[in-house]
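**Student:**
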Amino acid sequence: MRYLNEFRDLLEKRVSGRSERTYGFEYELIAENPLEKADLAGVQAALPELGFHLNDNGLVMNTEGMYVTFEPGGQIEFSSPPLYPGDMELFDHLARRIADTVESIRLSTGVSYVPVDFMPGRDRAPMLLDAQRYKALHELLGRTSDRGRDMMKGTAAIHFHAAVLSFEELLRLWELMCALSKEEVFAMGPQRRDIWNRTDPSRCGLTCAGAENVTTPEILLDKLVEFALNALDLRTGIPFRELSPEPGFQEFMVHFTTIFTDVRLNTKGLTLELRTPDTRPLHLFRGAWISFIDAVQQVMDN
């Protein structure tokens with residue numbers, strides 16, 4: 000299959016030398032009221048006063064290594080640095096920084112971010128990001144589904160990451176995350192699940208339902224690549240495998256980052272990413288974080 004050998008080589012290179020698993024999170028909140036571009040610009044302008052500055056890699060980051068990004072509806076997302084299981088003091092500090100940042104944004108800009116998983120009616124709200132990939136995705140989802148724009152602009156989620164330590168453990172970690180995605184503390188609520196199921200099936204349709212047919216890491220990787228090849232290209236709206244001339248591997252890797260599934264292989268830091276948990280208040284987020292680490296350690300590290 001096209002790209003498969005290069006993809007495996009990349010994965011093995013990125014796990015080389017890893018001996019201890021780290022974890023990470025993305026914690027997203029949604030604006031209580033729909034935002035205009037000027038509102039988002041005001042929030043972004045407030046961040047330097049709150050300790051977040053643009054670094055050499057183009058990330059708006061604070062001194063603890065937590066960075067802030069935004070989604071097309073103006074949702075704010077806090078991403079942690081890699082954390083070890085025993086880093087609860089640092090986790091609690093990051094949680095306080097999130098709470099303080101959100102409150103300071105409310106006081107200085109009037110934008111109130113709330114920890115809810117879905118705000119109805121945001122499919123018609125303005126698209127606030129100018130990056131071409133978001134514009135292309137917004138246009139595509141408006142044609143291929145009736146809930147895709149809700150997903151982009153009206154939902155907020157938590158993503159949990161666990162570092163992959165070797166190619167050989169990829170399947171076992173994937174199976175674990177598939178199992179976690181069905182547990183109450185990590186599963187999507189009915190509103191987000193309905194949106195997810197009615198978003199672009201070529202991006203969101205890969206589920207864990209066929210796990211019994213995946214018996215080796217090689218077969219799993221083959222399925223992940225095949226799914227991406229069948230997903231619609233953002234620019235043309237046709238399956239990526241049908242593009243001509245055949246794109247190079249780097250273009251395929253960019254395309255791979257646009258695949259949204261319950262459990263996703265995140266190639267940036269080489270983690271497996273559980274994307275199903277609905278966002279929730281920080282005190283409930285803490286309990287889910289502990290449960291996630293405990294589950295991974297019990298299965299993978301003992």
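Quick note, in numbering that gives the first Met the number 0, the sequence shown goes up one by one and the last residue is 301.
No residue lacks a Cβ here, since even glycine has one placed at the ideal position from N, Cα and C.
#1: Counting only runs of 3+ residues fully inside the segment 203-232, write out the beta strand (DSSP E) ranges in chain order.
#2: Who are the Cβ neighbours of N54 in its own chain at under 6 Å, not counting the five residues just before and after it?
#3: In its own chain, which residues sit with a C-beta less than 6 Å from the C-beta of F251, not counting the 5 before and 5 after it?
#4: Less than 8 Å between the C-beta atoms of Y26 and E76, yes or no?
#5: Which whole-angstrom value describes the C-beta separation of A287 and I157, a residue pair presumed to lie in contact below a C-beta threshold of 8 Å?
#6: For V213, collect the residues of the same chain with a Cβ closer than 7 Å to its Cβ; drop the 5 residues on either side in sequence, then sort them by chain order.
#7: Per DSSP, what kind of secondary structure is S243 in: helix, strand or coil?
#8: To the nearest angstrom, how far is the alpha carbon of L9 from that of A186?
#9: Within 10 angstroms of the Cβ of V184, are there 16 or more other Cβ atoms? Answer buried if so, exposed if not.
#10: How many Å lie between P80 and D193 at the Cα?
#11: Between the Cα of G152 and the Cα atoms of L175, M118 and R13, which residue gives the shortest distance?
#12: Going straight from the alpha carbon of Q296 to that of R191, what length do you get?
#13: Using CA coordinates, which residue listed in I292, T260, F51 and D145 is at the minimum distance from I104?
#14: Would you identify the three-state DSSP class for V67, choosing helix, strand or coil?
#15: Residue ranges of each beta strand (DSSP E) run of no fewer than 3 residues wholly in the segment 129-172, ordered along the chain?
#16: Pull up the DSSP beta-bridge partners for F291, would you.
#17: E76 lies in the alpha helix (DSSP H); which residues open and close that run?
#18: According to the Cβ coordinates, are G72 and L127 closer than 8 Å?
#19: Just the Cα atoms here: how many angstroms apart are E138 and D300?
#20: How close, in whole Å, do the beta carbons of R146 and R197 come, if the pair is a contact with beta carbons under 8 Å?
#21: Which full runs of the alpha helix (DSSP H) of 4+ residues lie inside the segment 4-69, going along the chain?
#22: To the nearest angstrom, report how far apart F248 and A162 are at their CA atoms.
#23: Count the other CB atoms, across all protein chains shown, that sit within 10 Å of the CB of I322; report buried if there are 16 or more and exposed otherwise.
#24: Quick one: what's Y112 bridged to in DSSP?
#25: In terms of residues, what are the limits of the beta strand (DSSP E) holding E272?
#26: Counting C-beta neighbours from all protein chains within 10 Å, is the total for E241 16 or more, i.e. buried, or is it exposed?
#27: What did DSSP end up calling D261 once you bin it into helix, strand or coil?
#28: Along the alpha helix (DSSP H) that carries I237, what are the first and last residues, could you check?
**Tutor:** Reading it off the structure:
#1: none
#2: M60
#3: Y2
#4: yes
#5: 7 Å
#6: L170, L219 and K222
#7: coil
#8: 30 Å
#9: exposed
#10: 31 Å
#11: Per the sequence presented here, residue 152 reads as Lys, with Gly not at that position. Here the closest residue by C-alpha is M118.
#12: 28 Å
#13: F51
#14: strand
#15: 157-162
#16: Looking at the DSSP assignment, F291 forms no beta bridge with any residue, so it has no partner.
#17: Per DSSP, E76 belongs to no alpha helix (DSSP H); it is in the beta strand (DSSP E), I75 to S78.
#18: yes
#19: 43 Å
#20: 4 Å
#21: 36-45
#22: 23 Å
#23: The structure shown has nothing for residue 322, since the chain only spans 0 to 301.
#24: A30
#25: T270 to L273
#26: exposed
#27: coil
#28: Unbroken run through I237: none, as it is neither H nor E.
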